[in-house]
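What follows is a short report on a single structure.
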Amino acid sequence: MKVYLIGAGPGDPELITVKARRILQECDAVVYDDLIPVEILGLAPPNARRLYVGKRGGKDYMKQPQINELLVNLAREGLTIARVKGGDPCIFGRGGEEALHLHENGIPFEIVPGISSATAGPVAAGIPPTHRGMAASVTFVTAHEDPAKESGFLDWSLLAKEPGTIVFLMGAGRISAIADRLMDQGMSPETPCALVQEATTPRQRHVVSTLSSVGAQAERNRIGSPCIVVVGQVVTLSERLYREPDLPLSGMSVLITRPDHLAAETSALFASKGARAVVYPLIEISAVPFELPDMSTYDMLIFTSQNAVGLFLERYFAAGNDARSLAGTEIFCIGPKTRAALRGFGIVADGMAAEFRAEGIVDLLKDRNLAGSRVCLPRARGARPVLVEALANKGATVDEVIVYDTVIPGEADAESFASALDTVDTAVFTSPSGVRHAVALLSGTTERLAAKRLVAIGPVTAKALEDCGLKPALVAGEYTDEGILKALTGASS
640 MKVYLIGAGP GDPELITVKA RRILQECDAV VYDDLIPVEI LGLAPPNARR LYVGKRGGKD
700 YMKQPQINEL LVNLAREGLT IARVKGGDPC IFGRGGEEAL HLHENGIPFE IVPGISSATA
760 GPVAAGIPPT HRGMAASVTF VTAHEDPAKE SGFLDWSLLA KEPGTIVFLM GAGRISAIAD
820 RLMDQGMSPE TPCALVQEAT TPRQRHVVST LSSVGAQAER NRIGSPCIVV VGQVVTLSER
880 LYREPDLPLS GMSVLITRPD HLAAETSALF ASKGARAVVY PLIEISAVPF ELPDMSTYDM
940 LIFTSQNAVG LFLERYFAAG NDARSLAGTE IFCIGPKTRA ALRGFGIVAD GMAAEFRAEG
1000 IVDLLKDRNL AGSRVCLPRA RGARPVLVEA LANKGATVDE VIVYDTVIPG EADAESFASA
1060 LDTVDTAVFT SPSGVRHAVA LLSGTTERLA AKRLVAIGPV TAKALEDCGL KPALVAGEYT
1120 DEGILKALTG ASS
């Protein structure tokens, strides 16, 4: 058992340390705060427990003493826990408090530092916190302490005399109050000041101003949280040092509807091209109990999804089998993700369909004599009958093994889905199930969906949209995330 207090970085999921990534990939449970990128949470194993304990806008989902006890209780179950915090756990992250509580209860722990928005935020806006001849010091201040209070831990008169840079964290709601207090204590109203919202993410915005006008600028630009406030002469460098990201999908907002454990990779891919990815899983993979077939009696094993690979082979190997027991069985798959999932179990597919849908397998085996062959087909309940019928027509006996259902996630509801839709201009669908679930959540009405640019991963998903009275704006030529990205990039150029 051990608890790792991990800094997740300032917002860009690529700004996480190699050590933090490794721990997340090996943990049994993730206890995470607000604003942790889904790409980072997706690093944890699919079966890891995920526990949200966030705080935002003055509201606590769980009080700090409860979080402390939760960590202790999880550790006493013998688990490896990744306690994930934004930025660095010990820069206004209460990491020290949690570490002390673990120490007092005899729980092994380790603090894994992260990149704080206190430094990354200014830099992302072209503002170096220190600069020769301008600032030889940096002061980090929490804006959670009300500037209007006369008593407190902050000495505002000293802050107002600070010759270097001051960075206020968590300052969105108190921008005017911070500026007023500094000016009241003698800081020049013309002191350069910057606001950086959602630093290092595709949603980043920043405003450069002065102390006297920063409050009005914040209102005019509707600056919200998370936001840092940077005060000092280094702010003037932003005009020369800031570089606008030159990415093909900059300005685009995309709804990702994949299952939770697959959404992280997709979201990261879109964000890398400048899109703002909003993850709202419309599919949950629900494992189904199944009787393990005797694979020695089968000539072929066909996988049409990476989910089927994981659920079937985990059960198969848990029963005492290994890859050698499949030596006499030809294995075929659809798509590079499914092939990669097989490799994760030490299995190299004998063939992969060129077209990433059931028809691709049919085409792959079109010249084979399948008369008398036995085929094992692990897959989802309700999958299209195309493959079974085509193989049966060639003389094969096909045994479907239903290993999972695709269901609407328990946390999904009409209100939250509609809210997510309202924040994007594009919605990406990667399966017919996702389309059906979207329409079901909206009680069968499609107006909200029809107002968005709808993108389908391939013709099967496109048909599902059309069957619901929706017109796909784009259909990927290659039925992968990369194919969707190519279609969107081509359409936006």
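As numbered in the numbering used here, residues 640 to 1132 make up the sequence shown, in order.
Glycine is no exception: its CB is placed at the ideal position from the N, C-alpha and C atoms.
Nearest by alpha-carbon distance to residue i: which of the options is it?
i	options	result
G1049	R733, P768, G760, L921	L921
M939	L709, P1024, I970	I970
V1040	L1060, G974, V1063, Y955	Y955
L654	V670, D727, S796	D727
V806	E1105, T758, Q664	T758
C832	I862, T875, R1018	T875
Q824	Q843, L793, G812	L793
L682	L674, R661, D673	R661
Y671	N1008, E1028, Y643	Y643
N1008	I814, K1033, G967	K1033
L901	I924, E883, L888	I924
S964	A947, Y937, V948	Y937
G813	F995, I862, K1091	The sequence given here places Arg at residue 813; Gly does not occur at that position. The candidate whose alpha carbon is nearest that of R813 is I862.
V1099	P1111, K1091, L741, A1090	P1111
C729	M934, V751, E1117	V751
A764	H740, Q843, S935	Q843
Tell me which residues share the same chain as residue i and place their Cβ nearer than 6 Å to its Cβ, disregarding the 5 neighbours each side in the sequence.
i	result
R689	V669
S892	R915, V1063, D1064
L1060	R1087
A962	G985, I986
N860	V846
D899	P920
P676	P652
Could you check how far apart the C-beta atoms of residue i and residue j are, in whole angstroms? I think they sit under 8 Å.
i	j	result
T849	E829	5 Å
T977	D1120	In fact, because the Cβ distance is near 13 Å, the residues do not count as touching under 8 Å.
I1096	L1016	No, I1096 and L1016 are not in contact; Cβ-Cβ is about 21 Å, not under 8 Å.
A997	T943	6 Å
A958	L981	No, A958 and L981 are not in contact; Cβ-Cβ is about 18 Å, not under 8 Å.
G646	K702	Not quite, the Cβ-Cβ distance comes to about 22 Å (not below 8 Å), so this is no contact.
M640	L718	6 Å
H1076	I1047	5 Å
E737	L710	6 Å
D673	G650	Actually they do not touch by this definition, with Cβ atoms about 12 Å apart.
Suppose you measure from the CA of residue i to the CA of residue j; what does that come to, to the nearest Å?
i	j	result
F731	I867	13 Å
G890	V870	28 Å
P928	A1079	26 Å
V1037	L952	18 Å
T781	Y691	23 Å
S1055	V1074	16 Å
A1066	Y881	31 Å
A926	Y1043	4 Å
S1072	L950	19 Å
N707	R1018	42 Å
R715	I754	30 Å
T840	R1013	51 Å
K1125	V917	19 Å
P761	S776	14 Å
L1093	E678	23 Å
Q945	N960	20 Å
A1057	L1081	8 Å
G967	E837	54 Å
T1128	P887	6 Å
P684	F1068	24 Å
L834	P884	18 Å
D1052	P704	31 Å
T804	M773	9 Å
H740	I720	15 Å
L1030	A1130	38 Å
Ordered along the chain, which non-local residues of its own chain (more than five positions away) have a Cβ less than 7 Å from that of residue i?
i	result
E801	T778
E810	Per the sequence shown, the amino acid found at residue 810 is Gly instead of Glu. Cβ neighbours of G810 beyond the five flanking positions: A782, I817, C866, I867, V868.
A687	C666, D667, A668, V669
I1147	A question about residue 1147 goes unanswered here, because the residues of the chain that appear run from 640 up to 1132.
Let me know if residue i comes out buried or exposed under the rule of 16 or more other beta-carbons within 10 Å of its beta-carbon.
i	result
R722	buried
E749	exposed
G734	buried
K912	buried
Y700	exposed
S1070	buried
R1020	exposed
R771	exposed
S756	buried
L1104	buried
T896	buried
G1011	exposed
L1004	buried
T1084	exposed
Using a Cβ-Cβ distance under 8 Å, would residue i count as near chain D?
i	result
C832	Judged by its chain identifiers, the structure shown contains no chain D, having just a single protein chain.
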